[in-house]
Structure formats: structure tokens, C-alpha cells
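S.K.: Protein chains in written order, with this note's numbering: chain A, 14 to 169; chain B, 3 to 731.
Just so it is clear, CB atoms sit at the ideal spot from N, CA and C, and this is done for glycine as well.
The structure presented is a predicted model; accordingly, all values stated were derived computationally and were not measured.
Got a structure here, written out as C-alpha cells. Questions coming.
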């Protein structure tokens with residue numbers, strides 16, 4: 014049975030009418046027309062669908078909409094986040110992708126990492142991104158982009 | 003400055019007359035891709051708002067090709083990069099340039115655009131000159147403004163072009179090479195800004211009015227026959243609008259994506275199939291490959307009339323398993339049957355060949371089908387892109403008027419993508435006085451390209467399952483120098499006696515097709531490992547040994563550059579799990595040269611390889627976009643480390659067993675080495691394809707470094723920890 018859910022996404026409230034077990038991913042993409050989070054595996058294995066839930070990186074492909082309701086959902090489309098803006102600029106500056114399909118996940122994990130006060134170093138960033146898959150081999154550019162954004166945020 | 007219409011016509015007429023004198027000469031001068039579509043305005047259009055629109059049959063796969071081609075076009079036209087708008091791969095708009103594959107887009111697609119824009123520029127200048135009554139040599143072009151420096155008079159492309167000036171066949175007019183303004187610059191990629199902000203960058207992001215969601219239920223194994231399924235139960239599920247069944251093809255359409263997935267899951271559970279074990283025994287794959295039906299081709303044979311050499315004979319066998327493209331985003335397409343015309347949006351590598359297979363699949367004439375490229379996840383070759391377009395087309399036919407978006411699930415992609423072929427090779431050589439005096443190399447490989455349009459038949463797996471079936475064709479070997487399983491099978495080294503034999507296997511129990519480098523990675527792996535083995539047997543330094551057997555000066559230069567960058571030292575001691583290795587190749591023996599030094603460590607407890615650093619030197623002729631080139635080389639290196647140390651498609655006698663990322667692990671962030679690259683740029687030289695050039699040398703250098711670190715020589719990819727531990731004393 015479908016139910017009505019209130020979702021707070023990027024600071025705006027939305028009402029959606031779906032089955033409670035519907036993965037948040039499909040609601041974001043198809044009901045709210047947000048393209049950033051990508052379907053990669055539907056199994057929580059690759060990270061392409063990552064969004065932030067109350068500031069923590071979660072995999073929206075295995076997060077039921079019922080779990081996300083009442084919590085602060087942030088996606089790569091959010092306006093007004095200095096961390097997100099710094100990351101986006103840094104990924105452009107470092108040309109940190111090839112196909113870019115995984116990049117939403119990289120940026121949203123990095124955002125949670127930086128906003129959570131993580132100390133950015135080559136090693137800590139690689140660890141933070143250890144469960145996000147990139148197939149094109151853009152890893153080192155991605156790490157450099159996150160380092161650049163983290164440096165910018167901390168003023169170094 | 004306005005040029006009167008009659009002057010324009012007069013000018014244009016004069017040019018037509020002069021061109022008409024030399025059509026036979028001209029045709030021979032056109033680049034290959036232009037011969038098929040000589041109309042200039044099929045490649046370049048001067049548009050009113052001050053832009054130049056470029057049409058290319060090549061498509062963006064995340065390799066940055068539309069940016070690089072725009073750079074070539076900008077310099078060819080003599081306009082700023084920002085004025086270029088580019089449209090890639092659309093059967094209703096662009097030239098047919100076949101597939102975007104084989105690292106050929108800059109070389110061939112770029113060559114066509116360079117010549118088309120040069121001719122367009124010549125025509126625009128000649129037209130302006132004729133209208134002004136001055137010789138064209140007097141005029142110069144700056145950002146689309148044509149100027150007479152003597153008088154200060156000027157006009158622009160947009161004033162001169164008028165209607166139809168470029169609507170004529172190219173004849174191969176050449177102009178002096180334009181100034182390099184965009185070419186050679188690291189122009190930022192056109193597609194990246196949208197991708198960091200959740201823009202609608204991919205076919206997966208298309209959202210058309212009234213769009214529905216489709217999913218397919220693929221057979222559980224190759225050749226499985228659908229004997230029954232519970233249609234009534236599935237039709238009763240929320241949102242389900244259609245169940246499409248034809249032979250063993252089974253798919254459905256629902257209002258919402260999660261409804262389509264739920265209905266697919268229900269169909270999977272309720273479907274009954276007859277399955278047959280058709281796959282080789284994975285434990286005896288080498289023997290199975292050798293026993294398959296094959297065409298035997300001798301691709302190199304020289305010095306056979308010389309007396310048999312004396313010396314010490316060496317022999318070794320190498321192999322690679324089946325490997326997956328393993329795109330991060332499962333394949334996706336949108337199809338819409340509207341008023342008798344089928345529109346398909348696809349991340350295919352070739353919109354025209356796909357259209358041909360779709361026409362066969364649906365029994366529609368090709369002129370009722372439009373295929374437009376939209377980006378997808380990186381493909382690295384022929385993945386499920388074309389197949390899912392076939393699925394979407396079949397579902398769209400069942401619901402005319404409604405756009406249908408179909409994305410494969412993760413297990414559809416892993417179980418049904420066409421894998422890169424497993425291969426076995428055997429090398430033998432005679433060493434005499436520290437030199438290779440005889441070389442013999444033999445390759446056994448299934449085909450490496452079963453794309454739409456190759457080998458006849460229907461490449462689309464939906465067609466295979468239909469009643470009556472539309473089976474795939476049997477691909478022919480791709481001739482040298484490109485080659486397929488034998489790509490890079492002929493070493494670049496200068497051996498006096500040499501024979502190379504290619505067994506092109508035509509049996510395909512495992513679905514295979516083009517995966518980045520085709521057979522080149524396996525052949526370079528084998529040749530470059532064997533060269534190292536021979537160097538060690540000769541007591542020579544591997545770098546010096548290679549140089550001693552090479553005559554190609556660019557090969558020598560790139561090897562020396564890599565050795566310098568990687569601080570290669572002859573005789574440096576490895577051991578205790580730490581070592582370094584070297585390898586080199588020129589891709590297809592005609593594209594970019596790459597040499598690499600790999601530094602790695604091996605864990606004594608687990609046998610796991612951790613590559614720490616890769617130092618690479620590249621010569622790709624004239625560099626179009628230095629950062630784009632580096633990005634491709636870095637990616638090729640990292641992907642090849644993943645292939646050679648981790649990857650292998652698992653299967654039993656019936657089913658593909660690698661169906662998600664736990665069954666097909668790839669290299670992860672903590673395992674990715676530092677990569678340093680030096681580029682030997684050769685401005686003015688032919689730009690050489692670079693996208694695949696680093697893979698073979700990297701795989702070989704890893705194996706050579708493993709030997710240096712452990713004295714364990716593994717000749718089968720992946721270089722598995724268990725095999726390392728078993729042999730490590």
C-alpha cells in the first residue's frame with residue numbers, strides 16, 4: 014500500500030505518495046527530478062547513489078523512504094553549502110573524472126567527511142572513499158580534488 | 003560590412019568552377035571518414051549567433067573526445083574554442099563514422115574535422131576575397147573575422163557564409179596549418195561542470211513527458227529456454243502496464259521504476275527455464291580454448307629461409323581469463339515509438355550500426371528509426387549499451403506513444419555483458435650471445451568484436467531470445483595492423499627470424515566482444531614478460547636488453563624517458579617482497595608509445611600485490627589536450643592494474659557466477675598507486691590514439707615487478723595471491 018511521506022530535501026519539504034519500502038533513490042530521481050544520485054548496483058556495494066542523511070553519507074539505493082522521512086536529506090543539488098561548492102569547484106579544477114557516473118558518490122562521501130571534521134590527508138581520503146567504486150581510474154584526481162576542497166574549507 | 007548577395011554568389015560560383023577541375027585528385031585526398039560523407043555542411047555549419055556547429059559521428063564516452071574534437075575544429079576554423087558547438091553521434095544529424103572505439107577518434111575523427119574545417123575556412127576566405135576583389139592570400143582570419151591587413155577591411159564568417167555556402171562536397175582543399183591556439187592546451191572538459199552538479203548528463207537522467215519504466219528478465223544462463231511464467235500474478239502488481247513476451251524474451255513496463263523492479267523480481271521468481279550446460283570447465287580453460295574451432299592465420303613470418311639458429315631455447319605460456327567491462331552504471335536506454343517512427347536514446351558506441359540491428363530486431367526499415375547518443379557510464383568497449391536499447395525498443399513497440407526508459411539491473415549487466423575474451427599464448431625464442439635470434443609466438447583467442455554490424459546476424463541479445471531467433475553472426479578476425487586477438491601480437495622488436503601465428507577461435511560459449519585493447523593487453527603482457535625472462539637469462543638489464551633489440555627511434559626515446567622518470571637503475575636489487583618492473587609497447591604498432599616502470603610490494607602473509615607507484619612515458623605525436631591525454635593514461639594504468647591483479651569472471655558449466663561487485667572485485671581507493679607521467683609532445687606530427695595504450699605495458703610491468711620482488715614468475719592473469727604464496731619461497 015502506498016503512503017504519504019514528508020521529505021526534507023536540500024532544505025525544502027516535499028510530499029510523496031509511495032510504498033514505504035521504496036528506495037529513496039527512486040523518489041529523489043523520479044518524483045523530485047534530482048539527477049545526482051545514480052543507480053549503480055541497488056545493493057549498497059558501489060556508492061554511486063550516495064546522499065547525506067542528517068549529514069552522514071548513506072546509500073539511497075538501499076535506504077527505504079520510510080527511514081528517510083523526518084530527517085535532513087542532502088543531495089549534490091543542494092544550494093548554499095560552502096563545502097559542496099568547494100568540492101564541485103575542486104572536481105572541475107582537477108578534472109577529476111572520466112565518465113563521472115560515480116562522482117556523485119565521491120562528492121557526497123567527501124562532503125560528509127569534511128563536514129564531519131575529518132582530517133584530510135591522502136590516506137584518510139582514500140580510506141573514506143574505500144567503499145566507493147570508480148572504474149575509469151580517476152582515483153588520484155578524485156583524491157586531489159577532495160584534498161583541494163578540504164584545504165579550501167579549512168583555509169589552508 | 004555587408005557583402006551583396008550577387009557578389010557572394012559570384013564568389014561561390016568561381017570556387018565551384020575551379021574545384022570542378024580536379025574531382026578525381028580530390029577524392030583521393032579526403033580523409034577516410036569524409037569519403038563516406040563528403041558534404042561539408044555535414045561536418046561544419048556556420049550558425050547565425052556567431053557560433054560554428056560541428057557534427058561528428060564520434061561520441062562522448064567520458065574520454066573527453068568532444069572536447070578534443072572541438073579543439074581541433076576551433077583551430078581548423080580559426081575561431082575561439084568558445085564559439086564551437088559540437089553534436090556527436092545522431093543518425094538524424096551527424097556523419098556515420100562507425101564505432102567510437104580502438105583509440106581512433108582523435109586520429110580519424112579528428113583528421114576528418116581538421117580537413118573539413120580547413121576546407122570550410124578556405125571557402126569562406128575565398129568567398130570574401132572574391133567579393134572584395136582581392137587575392138585570398140592577402141586575407142587573414144582571427145576568431146572568425148576575415149581581415150585584409152593592408153586596408154583594414156574586414157568581414158566575418160557569419161556575414162560571408164550566407165545560405166548554402168558549405169552545402170557542397172569537400173574536394174580536399176588544403177591550407178597551411180592554422181595557428182595552434184586550442185590544440186595543445188589543457189582545455190577543461192565540456193561535460194564536467196554539469197556532472198558535478200547533478201545536471202542531466204546521462205541517458206539515465208532522461209525524463210520525457212509520460213515516460214514509463216521497463217525492466218527485462220534475462221535467461222539465467224546462455225541459451226536457456228523460457229518454459230513458463232506467471233503472467234496473471236505479475237499483471238496484478240501495482241503499476242504494471244504491460245508484460246512483453248516473445249520466445250524467451252521477457253520484459254515488462256510499469257508506471258514507476260520501483261514498480262518495474264518489483265514486477266521484474268516477481269517474474270524472476272515465477273519463471274521456469276530449461277538450462278543446458280554449455281560453458282567450458284573453468285579449471286581447464288586453456289585446454290578448452292585450444293580445442294575449439296579456429297581459423298589459423300600466420301600474421302608474421304620472416305627469416306624462415308635463414309639457417310636454424312643455435313643457442314639456448316626458451317618457452318613459456320601466458321593467459322588471461324574472461325574479464326568484464328564492469329561499468330559502474332548499468333546500461334540504460336530510452337525508446338519512444340511515435341507516429342511510426344522509433345526514437346532511441348542510447349550510450350552506444352555506434353549509433354548507425356545500432357540502428358541497423360534495431361531495424362532487424364523490429365522488422366522496421368532503418369529510415370523509421372532515429373538513434374541519438376546520450377552519455378552513459380564509462381564503457382571501455384562493448385558492454386550492454388546496445389542490448390538495452392534493443393530491450394527498450396521492444397518494450398516501446400508494445401506501448402506506442404509512451405517513452406520507455408529501461409535500465410539493466412546489476413546482475414543483468416554482469417551476467418549478460420559481452421566479456422573481454424580469455425586468451426592463451428605461447429612464446430618461444432632462441433638466445434645466442436645475449437641476443438634473441440629467433441622468435442616464435444602463437445595466440446589462441448575467441449573473437450574480440452561482436453558489435454552490431456560486425457559478423458552479420460544480430461548482436462542484440464533480445465533478438466537471440468525471440469521466436470524465431472535472430473542469432474548473432476560469427477565475427478571474422480580483424481586484419482593487421484589493428485588485429486583482434488592478435489592485436490599487438492607482432493612485437494616491435496627487430497628479430498631476424500620471427501613467426502607469429504594467430505588461432506582465431508570462432509566458438510563463443512561465453513559471450514565476448516570488444517573490451518579496451520582487444521587482445522593487445524594479453525599479447526603485450528606475454529611479449530613483455532617473456533622479454534624480461536630472456537633478459538634475465540641473458541644476464542642483461544631489462545631496459546638495456548629492450549633497447550638493444552629496437553630500431554624505432556620513438557620507441558627508444560619513450561623507453562629512455564620512462565627509465566629516467568622512474569629512476570631505473572640497472573642491477574637494482576629486489577626481494578623480500580619489494581620490486582620493480584619495466585614494460586613497453588606501441589599500441590597496435592602504429593598508435594601511441596608507452597613505457598612504464600612499476601614499483602610494488604607483496605604482502606608476505608596474504609600474497610596480495612600492492613602497486614605503489616607507476617612512472618610512465620608517452621609519445622602520442624601531437625598532443626591535442628595534455629590533461630585529457632594524462633587522464634586517459636592514468637585511467638588505463640589503474641584499470642590494467644585492476645585487471646592483472648584482481649579480475650576474473652567466474653562461471654560454472656552453466657551459469658555466469660560473477661553477478662555483483664562481491665563476485666567481481668576491482669581495485670579500490672586504498673590500493674591505487676601514485677601515477678607519474680611524462681609526455682613527449684611532437685607538435686605538427688600526427689596525433690596518435692592514446693586511450694588504450696597504457697594497459698598492456700602496465701599489466702606486464704606488474705608481473706615483471708612481482709618477479710623482481712619475489713622470484714615468482716606468474717604467467718596467468720590475474721596474478722592471484724594464492725598462486726604467489728604457493729610459489730614464493
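With burial defined as no fewer than 16 other Cβ atoms inside 10 Å of the residue's Cβ, what is the status of residue 94(B): buried or exposed?
M.R.: Residue 94(B) should be labelled exposed.
S.K.: Do residue 613(B) and residue 722(B) have their beta-carbon atoms positioned less than 9 angstroms apart in this structure?
M.R.: In this structure, residue 613(B) does not lie closer than 9 angstroms to residue 722(B) by Cβ.
S.K.: By alpha-carbon positions, which one of 498(B), 617(B) and 254(B) ends up nearest to residue 311(B)?
M.R.: It is 498(B).
S.K.: Straight-line CA distance for residue 690(B) to residue 269(B)?
M.R.: Taking the straight line joining both Cα atoms gives about 49 angstroms.
S.K.: For residue 2(B) versus residue 39(A), is the C-beta spacing smaller than 9 angstroms?
M.R.: Because residue 2(B) is not part of the residues shown, which for chain B are 3 to 731, the question remains open.
S.K.: Can you tell me whether DSSP reads residue 65(B) as helix, strand or coil?
M.R.: The answer is coil: DSSP assigns residue 65(B) none of H, G, I, E or B.
S.K.: Among all the DSSP beta bridges, which residues are the ones paired with residue 347(B)?
M.R.: Beta-bridge pairing links residue 347(B) to 336(B) and 374(B).
S.K.: Quick check on residue 23(B): buried or exposed, where buried means 16 or more other Cβ atoms within 10 Å of its Cβ?
M.R.: Residue confidence is low: residue 23(B) scores 28 on pLDDT, short of 50, so the model does not pin down where it sits. Its coordinate-derived value is still stated next. Exposed, because fewer than 16 other Cβ atoms sit within 10 Å of the Cβ of residue 23(B).
S.K.: Just to confirm my understanding: we take residue 18(A), look at its own chain, exclude 5 residues before and 5 after, and list those with CB closer than 6 angstroms. What are they?
M.R.: So the list reads 29, 78 and 82, once near-sequence residues are dropped.
S.K.: Looking at residue 75(A) and residue 33(A), is the spacing between their C-beta atoms short of 9 angstroms?
M.R.: For residue 33(A) and residue 75(A), no; Cβs fall outside 9 angstroms.
S.K.: Going straight from the alpha carbon of residue 363(B) to that of residue 414(B), what length do you get?
M.R.: Computed Cα separation, rounded: 20 angstroms.
S.K.: Cutting at 7 angstroms between CB atoms, please list the residues of its own chain near residue 426(B), excluding the five before and the five after it.
M.R.: Hits under 7 angstroms: 288, 291, 292, 319, 321 and 446.
S.K.: When the Cα of residue 387(B) is compared with those of 696(B), 356(B) and 539(B), which residue comes out closest?
M.R.: Residue 356(B) is the option with its Cα nearest to residue 387(B).
S.K.: Using the beta-carbon count (16 or more within 10 Å), is residue 26(B) buried or exposed?
M.R.: Bear in mind that the predicted position of residue 26(B) carries a pLDDT of just 36, short of 50, making it unreliable; the figure below should be weighed with that in mind. Residue 26(B) should be labelled exposed.
S.K.: Would you call the CB atoms of residue 105(A) and residue 133(A) closer than 9 angstroms?
M.R.: Cβ distance not < 9 angstroms, so residue 105(A) and residue 133(A) don't count as in contact.
S.K.: Quick one: Cα of residue 28(B) to Cα of residue 98(B), how far?
M.R.: Caution applies to residue 28(B), whose pLDDT of 43 falls short of 50 and renders its modelled position unreliable; the model cannot decide the point.
S.K.: So, using beta-carbon positions, are residue 183(B) and residue 66(B) closer together than 9 angstroms?
M.R.: No, they are not a contact pair.
S.K.: Got a sec: which bits of the segment 658-674 of chain B sit with their beta carbon under 7 angstroms from any beta carbon on chain A, in order along the chain?
M.R.: For the segment 658-674 of chain B, which is checked against every Cβ of chain A, the residues closer than 7 angstroms are 662, 663, 664, 668, 670, 671, 672 and 674.
S.K.: Across the segment 134-145 of chain A and the segment 657-675 of chain B, are there enough close Cβ pairs to call them in contact, namely three or more that are closer than 8 angstroms?
M.R.: Short answer: they touch.
S.K.: By how many angstroms is the C-alpha of residue 126(A) removed from the C-alpha of residue 60(A)?
M.R.: Going by the C-alpha atoms only, they are around 14 angstroms apart.
S.K.: As a quick exercise: from 176(B), 130(B) and 348(B), pick the residue whose alpha carbon is nearest that of residue 121(B).
M.R.: Residue 176(B) is the option with its Cα nearest to residue 121(B).
S.K.: Got a sec, what are the start and stop residues for the beta strand (DSSP E) residue 79(A) sits in?
M.R.: Note, residue 79(A): premise wrong, no beta strand (DSSP E); alpha helix (DSSP H) at 78-81.
S.K.: Just how far apart, CA to CA, sit residue 511(B) and residue 564(B)?
M.R.: If I take the Cα positions, the gap works out to 41 angstroms.
S.K.: Which ranges would you report for the beta strand (DSSP E) in the segment 256-336 of chain B if only whole runs of at least 3 residues count?
M.R.: List check, beta strand (DSSP E) in window: 274-276, 296-304 and 314-322.
S.K.: Mind pulling the beta strand (DSSP E) runs of 3 or more residues that sit fully within the segment 620-653 of chain B?
M.R.: None, since the segment 620-653 of chain B contains no complete beta strand (DSSP E) of that length.
S.K.: Anything in the segment 48-72 of chain A with a Cβ closer than 7 angstroms to a Cβ of chain B? List those residues in chain order, please.
M.R.: From the segment 48-72 of chain A, only 48, 49, 51, 52, 53, 54, 55, 56, 58, 59 and 61 have a Cβ closer than 7 angstroms to chain B.
S.K.: Beta strand (DSSP E) containing residue 136(A): first to last residue?
M.R.: Not the beta strand (DSSP E): residue 136(A) falls in the alpha helix (DSSP H), residues 135-141.
S.K.: Could you tell me how far apart the beta carbons of residue 251(B) and residue 464(B) are, in whole angstroms, since I believe they sit closer than 8 angstroms?
M.R.: 5 angstroms between Cβ atoms; contact.
S.K.: So if DSSP puts residue 30(A) in a beta bridge, which residue, or which two residues, is it bridged to?
M.R.: Looking at the DSSP assignment, residue 30(A) forms a beta bridge with 17(A).
S.K.: I need the straight-line Cα distance from residue 197(B) to residue 330(B), nearest angstrom please.
M.R.: Spanning the two alpha carbons is a distance of roughly 15 angstroms.
S.K.: Based on the DSSP secondary-structure assignment, which residues constitute the bridge partners of residue 595(B)?
M.R.: The partner list for residue 595(B) (beta bridge, DSSP) reads 588(B) and 621(B).
S.K.: How would you list, in chain order, the residues of chain B whose beta-carbon sits under 8 angstroms from the beta-carbon of residue 142(A)?
M.R.: Near residue 142(A) (Cβ distances below 8 angstroms), the residues of chain B are 671.
S.K.: Inspect the beta-carbon positions of residue 53(A) and residue 115(A) and report whether they are closer than 9 angstroms.
M.R.: It is a contact, given that the beta carbons lie within the stated cut-off.
S.K.: Among all the DSSP beta bridges, which residues are the ones paired with residue 503(B)?
M.R.: Per DSSP, 300(B) and 444(B).
S.K.: Which of the three DSSP states, helix, strand or coil, is assigned to residue 197(B)?
M.R.: Correct three-state label for residue 197(B): helix.
S.K.: Assuming residue 449(B) and residue 545(B) make a contact with CB atoms under 8 angstroms, what is their CB distance in whole Å?
M.R.: Incorrect: roughly 35 angstroms between the Cβ atoms, too far for contact.
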